[in-house]
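Undergrad: Residue numbers (our numbering): 2 to 230.
Where a beta carbon is used, it is the ideal one built from N, C-alpha and C, also for glycine.
Please read these numbers as outputs of a predicted model, since none were measured by experiment.
My questions all concern the structure below.
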Ligand code: SF4
């Protein structure tokens, strides 16, 4: 990890999303770039032979940390939206119902309150798997616990106001934080909306307001008040 230049990597990611101001915004191309960034990150992680990657404890079906506020950029939201639109109508209706219920319960909660509410993410299926795994947020990709029990203990401790440490695979954590910042900065430099929103509220809004994608990205007009109702 010491040899990896995160600052340089952030600049490279930033450049990939910062179109010239005169360029026409092509959402398909931006989504494709995001997909490429995901696969580049996977390759970088696979290339890591040193460090503590072998100690990574996160595994399919583990859902303990899926009770937190997840921040995503609008572009990530559009990627998830595109993925959800491929689901059948029954599956999509179930997700919309879950999003509605969850949003009613967690909107307005700060990070501590959200975790203490113990409400599971709307994208967890009945077996505890992430329905949107191929397009899951960068925030979720950064989670890289090396100790399941410490991870669970930290979340339980939060309920009692205790701060307990979570051991993380630092390269993965730092890699995705860097990508998140690079994407957000690049979008802002391109004059697009690089702000972050809460996962549940944003996806619910996008599903309820079809056809607004390009305007939202170029006008940066979405506000918290729009997501709240
Ligand atoms: S999007 Fe997937 S990984 Fe992220 S919190 Fe929700 S269920 Fe968990």
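I want to check one thing, is the minimum distance from the CB of residue 124 to the heavy atoms of the ligand SF4 below 7 Å?
TA: Flag set: Cβ of residue 124 near the ligand SF4.
Undergrad: Cβ of residue 137 versus every heavy atom of the ligand SF4: is any distance shorter than 7 Å?
TA: It does: the Cβ of residue 137 is within 7 Å (strictly closer) of some heavy atom of the ligand SF4.
Undergrad: Between residue 97 and the ligand SF4, is there a pair consisting of the residue's CB and a ligand heavy atom that are separated by less than 7 Å?
TA: Not so, every heavy atom of the ligand SF4 lies at least 7 Å from the Cβ.
Undergrad: Between the C-alpha atoms of residue 172 and residue 58, what's the straight-line distance to the nearest angstrom?
TA: Cα to Cα, the separation comes out at about 14 Å.
Undergrad: Answer with buried or exposed for residue 164, where buried requires no fewer than 16 other C-beta atoms within 10 angstroms of its C-beta.
TA: So residue 164 ends up on the exposed side.
Undergrad: Which residue comes first and which comes last in the alpha helix (DSSP H) that contains residue 256?
TA: Outside the shown range of the chain, which is 2 to 230, sits residue 256, and nothing can be said about it.
Undergrad: Indicate the three-state DSSP secondary structure (helix, strand or coil) for residue 131 in the structure shown.
TA: Three-state result, residue 131: strand.
Undergrad: Could you say which of 214, 105, 44, 177 lies nearest to residue 201 if we only look at CA atoms?
TA: Ranking 214, 105, 44, 177 by Cα distance to residue 201 puts 105 first.
Undergrad: Would you kindly work out how many angstroms separate the C-alpha atoms of residue 133 and residue 81, rounded to a whole number?
TA: If I take the Cα positions, the gap works out to 7 Å.
Undergrad: Within the present structure, is the beta-carbon of residue 156 separated from the nearest heavy atom of the ligand SF4 by less than 7 Å?
TA: No - the ligand SF4 has no heavy atom lying nearer than 7 Å to the Cβ of residue 156.
Undergrad: Tell me whether residue 207 sits in a helix, a strand or coil according to DSSP, three-state version.
TA: Three-state DSSP puts residue 207 in a helix.
Undergrad: From 160, 186, 141, pick the residue whose C-alpha is nearest to that of residue 1; which is it?
TA: This structure does not reach residue 1, given that the chain is present from 2 up to 230, and the question cannot be answered.
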